[in-house]
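Participant: Taken in order, these protein sequences are the chains called A and B.
Residue numbering for the first sequence follows my numbering, beginning at 65 and increasing consecutively.
Residue numbering for the second sequence follows my numbering, beginning at 65 and increasing consecutively.
For glycine and all other residues, C-beta sits at the position ideal for the given N, C-alpha and C.
2 protein chains.
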Amino acid sequence: MTRMKAEELIAGRQTLDGVIYDELRTRIISLDYLPGKMIFENEIAAEFDVSRTPVRRAFFRLAIDDLLQVLPQRGARVSFLSAAKVREAQAVRESLEATAFADVARRWDEADPACRALLAEVEAILADQAAAVDAQDYLAFMRHDEAFHGAFLRFAGNRTLIAVIGEMRAHLNRVRFVELQEAHHDAAALVWHRDILEALRRNDVAATTDRLIAHLKMLEAFRETIFAKRRDMFL
Amino acid sequence: MTRMKAEELIAGRQTLDGVIYDELRTRIISLDYLPGKMIFENEIAAEFDVSRTPVRRAFFRLAIDDLLQVLPQRGARVSFLSAAKVREAQAVRESLEATAFADVARRWDEADPACRALLAEVEAILADQAAAVDAQDYLAFMRHDEAFHGAFLRFAGNRTLIAVIGEMRAHLNRVRFVELQEAHHDAAALVWHRDILEALRRNDVAATTDRLIAHLKMLEAFRETIFAKRRDMFL
DNA sequence: CCTTGCGTACTTGGATCCAAGTCGGGAGCA
DNA sequence: TGCTCCCGACTTGGATCCAAGTACGCAAGG
Numbered sequence: 065m066t067r068m069k070a071e072e073l074i075a076g077r078q079t080l081d082g083v084i085y086d087e088l089r090t091r092i093i094s095l096d097y098l099p100g101k102m103i104f105e106n107e108i109a110a111e112f113d114v115s116r117t118p119v120r121r122a123f124f125r126l127a128i129d130d131l132l133q134v135l136p137q138r139g140a141r142v143s144f145l146s147a148a149k150v151r152e153a154q155a156v157r158e159s160l161e162a163t164a165f166a167d168v169a170r171r172w173d174e175a176d177p178a179c180r181a182l183l184a185e186v187e188a189i190l191a192d193q194a195a196a197v198d199a200q201d202y203l204a205f206m207r208h209d210e211a212f213h214g215a216f217l218r219f220a221g222n223r224t225l226i227a228v229i230g231e232m233r234a235h236l237n238r239v240r241f242v243e244l245q246e247a248h249h250d251a252a253a254l255v256w257h258r259d260i261l262e263a264l265r266r267n268d269v270a271a272t273t274d275r276l277i278a279h280l281k282m283l284e285a286f287r288e289t290i291f292a293k294r295r296d297m298f299l
Numbered sequence: 065m066t067r068m069k070a071e072e073l074i075a076g077r078q079t080l081d082g083v084i085y086d087e088l089r090t091r092i093i094s095l096d097y098l099p100g101k102m103i104f105e106n107e108i109a110a111e112f113d114v115s116r117t118p119v120r121r122a123f124f125r126l127a128i129d130d131l132l133q134v135l136p137q138r139g140a141r142v143s144f145l146s147a148a149k150v151r152e153a154q155a156v157r158e159s160l161e162a163t164a165f166a167d168v169a170r171r172w173d174e175a176d177p178a179c180r181a182l183l184a185e186v187e188a189i190l191a192d193q194a195a196a197v198d199a200q201d202y203l204a205f206m207r208h209d210e211a212f213h214g215a216f217l218r219f220a221g222n223r224t225l226i227a228v229i230g231e232m233r234a235h236l237n238r239v240r241f242v243e244l245q246e247a248h249h250d251a252a253a254l255v256w257h258r259d260i261l262e263a264l265r266r267n268d269v270a271a272t273t274d275r276l277i278a279h280l281k282m283l284e285a286f287r288e289t290i291f292a293k294r295r296d297m298f299l
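(1) So what's A:M206 in DSSP terms, helix, strand or just coil?
(2) Considering B:R138, what are the terminal residues of the beta strand (DSSP E) in which it resides?
(3) Could you tell me which chain A residues have their CB closer than 7 angstroms to the CB of B:K149, listed as they occur along the chain?
(4) Within 8 angstroms, do at least three Cβ pairs link the stretch 142-151 of chain A to the stretch 220-239 of chain A?
(5) Less than 8 angstroms between CB atoms is the rule here; does B:E123 satisfy it with respect to chain A?
(6) Taking the continuous alpha helix (DSSP H) assigned at A:R223, which residues delimit it?
(7) Give the range of the alpha helix (DSSP H) segment to which A:G82 is assigned.
(8) Give, in chain order, every residue of the stretch 141-166 of chain A whose Cβ lies closer than 7 angstroms to some Cβ of chain B.
(9) Going straight from the alpha carbon of A:L283 to that of A:I260, what length do you get?
(10) Would you mind sorting A:A292 into buried or exposed? The rule is 16 or more other CB atoms within 10 Å of its CB.
(11) Secondary structure at A:M297, three-state DSSP: helix, strand or coil?
(12) Can a CB atom of chain B be found closer than 8 angstroms to the CB of A:I108?
(13) What is the DSSP secondary structure of B:L132, counted as helix, strand or coil?
(14) With a threshold of 8 angstroms between beta carbons, is A:V269 in contact with chain B?
(15) Just verifying my parser: in three-state terms, what is the DSSP assignment at B:L182?
(16) Under 8 angstroms, Cβ to Cβ, is there at least one residue of chain A near B:K69?
(17) Just to confirm before moving on: does the CB-CB distance between A:V197 and A:D113 stay below 8 angstroms?
(18) Quick one: which residues of the stretch 222-256 of chain B get their C-beta closer than 8 angstroms to a C-beta of chain A? List them in chain order.
(19) B:E246 to B:R138, Cα distance in whole Å?
(20) If you draw a straight line from the C-alpha of B:F286 to the C-alpha of B:G82, how long is it?
(21) Does B:L98 come out as helix, strand or coil in the three-state DSSP assignment?
(22) Between the stretch 101-113 of chain B and the stretch 98-111 of chain A, can you find at least three pairs of beta-carbon atoms closer than 8 angstroms?
(23) Can you check which of these residues, A:L299, A:T272, A:A153 and A:E105, is closest to A:D167 by C-alpha distance?
(24) Considering Cα atoms alone, identify which of B:Y85, B:L190, B:A153 and B:R120 is closest to B:L280.
(25) Please list the terminal residues of the continuous alpha helix (DSSP H) segment that includes B:Q200.
(26) Does the pairing of the stretch 189-203 of chain B with the stretch 161-179 of chain B give three or more beta-carbon distances under 8 angstroms?
(27) Report the three-state DSSP secondary structure of B:E187 (helix, strand or coil).
(28) Distance check for B:L95 and A:P118, CA to CA, integer angstroms please.
(29) Using the three-state DSSP reduction, which class does B:L283 fall into: helix, strand or coil?
(30) Flag A:I84 as yes if its beta-carbon sits less than 8 angstroms from any beta-carbon of chain B, otherwise no.
(31) Using the rule of at least 16 other Cβ atoms within 10 Å of the residue's Cβ for burial, across every protein chain shown, is A:R295 buried or exposed?
(32) Below 8 angstroms on the Cβ atoms is my contact criterion, and I expect A:F140 with A:I84 to pass it. Report the Cβ-Cβ distance as a whole number of Å.
(33) Could you confirm whether any beta carbon from chain A is found closer than 8 angstroms to the beta carbon of B:I92?
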């Protein structure tokens, strides 16, 4: 569980290992550090100009997240993607996100100012996302995708659930970066987003979850071909 | 995510902080260490006769699990239970466990030797559980309850999902220990277990998940009264 | 040429050391 | 008596030190 911003872990203090953890996590998730890459405590300590102590904590935390494997006396290896792990994380994400969206669809009421605020926020996100599709800016698209899902999850209000989904996302993101380069599914995803919102506004719980699951599963078949294509990153 | 046994984290090696983590985690979950109790690195280090280093790692990991709050320069406090956290963890558990059981119900086929083996295992567990009910041995009952759910989860085969549920369980268990002392719901739970198994064997996915959710929600109303009754352990 | 074995360089695990921050109690004063 | 302030004991965060284990290269021997 990691998942929450590092600063919150040790009450209210910005700790050294927190910034290192965040940075290394970003590098791994964004494939800046490719799966299989070896990294070493000394190396990172020198880069951040700190001692090995906070680096070790960051490594340890990444190991808990399954993003890094620490091999005693040999170094640490950025975890390979595993088809099994991706499938597992995907299943967990689908289950939890469906639960959260169902909850939102049930509670949706446009007389409620909170709902109207959320609606405005989401429509702004969709507009940004449409722009990103036109501009073929995949990175921006992914950011907005995260914002779209995140907005509803926050509204559902289960912080633990959000944390777990964030953890799953860390693993799925690495695959999605590859998918972006191979497939051009952004326009289709945007349509799904709009359809989900539409069902949600009708308080149609079943349609909301069905569409959400279909949206999340959209890339599933495609993903299998990626497993085969990018063998260097897997297992 | 805790969840996995400590030994697996650092490949194949039994590390010092792993055993400390496991032990402290058990003490917290079993309410041996009550919520709010302050513990200190030196104290634990002396008890286990090691230096502060491995103890710090264990503390850190418990903090990630939300079981311990480390307050800089002041010590570490065993996390209070929070009604919100319990509700959140419960929602996550329900969602994931329903997914897993639905999967098992879908795949169930008594021509398959694996299914028959699982059936035998589960029926043995149910027998043990019935004995525990008769003997009013609540602790044994809880162990078998865990075994019942765990058997199906393992059959579903999603290790990531199992890990997340384990993490949620850590928080729920503390409440359940209190519930055991207050309510006597064991016989009712056993009936639910049998009903779930029956639906599952008919490949009735909907009935399986309905009954599972009902089973998990059984204590929900009761739980709220506990929140009020045991104020010392909350928030 | 290939295999075997040893030695060195490098890595992490754990212990100790130092710095900085928090808390509580007692002295001093009104 | 009661309030304030200061100092010391104790805590964790981070740095450094030492020990143990791995890997790789090179030399020696078949």
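Facilitator: Inspection of the coordinates gives the following:
(1) A:M206 falls in the helix class under three-state DSSP.
(2) That residue, B:R138, is in no beta strand (DSSP E); it is neither H nor E in DSSP.
(3) T224
(4) yes
(5) The residue you asked about is not Glu; residue 123 of chain B is Phe in the sequence shown. Closer than 8 angstroms: no.
(6) R223 to E246
(7) For A:G82, the uninterrupted alpha helix (DSSP H) segment begins and ends at L80 to I93.
(8) Per Cβ criterion, the list reads K149, E152, A153, A155, V156, S159, L160 and T163.
(9) 17 angstroms
(10) exposed
(11) helix
(12) no
(13) strand
(14) no
(15) When secondary structure is reduced to three states using DSSP, B:L182 falls in the helix class.
(16) With a pLDDT of 38 at B:K69, under the threshold of 50, the modelled position of this residue cannot be trusted, and the question is left open.
(17) no
(18) N222, R223, T224, L225, V228, E231 and M232
(19) C-alpha separation (whole angstroms): 35 angstroms.
(20) 36 angstroms
(21) coil
(22) no
(23) Taking only the C-alpha atoms, the option nearest A:D167 is A:T272.
(24) B:A153
(25) No alpha helix (DSSP H) contains B:Q200, which DSSP labels as neither H nor E.
(26) no
(27) Reduced to three states, the DSSP call for B:E187 is helix.
(28) 31 angstroms
(29) Under the three-state reduction of DSSP, B:L283 is assigned to coil, being neither helix nor strand.
(30) no
(31) exposed
(32) It should be pointed out that residue 140 of chain A corresponds to Ala in this sequence rather than to Phe. Not confirmed; about 13 angstroms, so no contact.
(33) no
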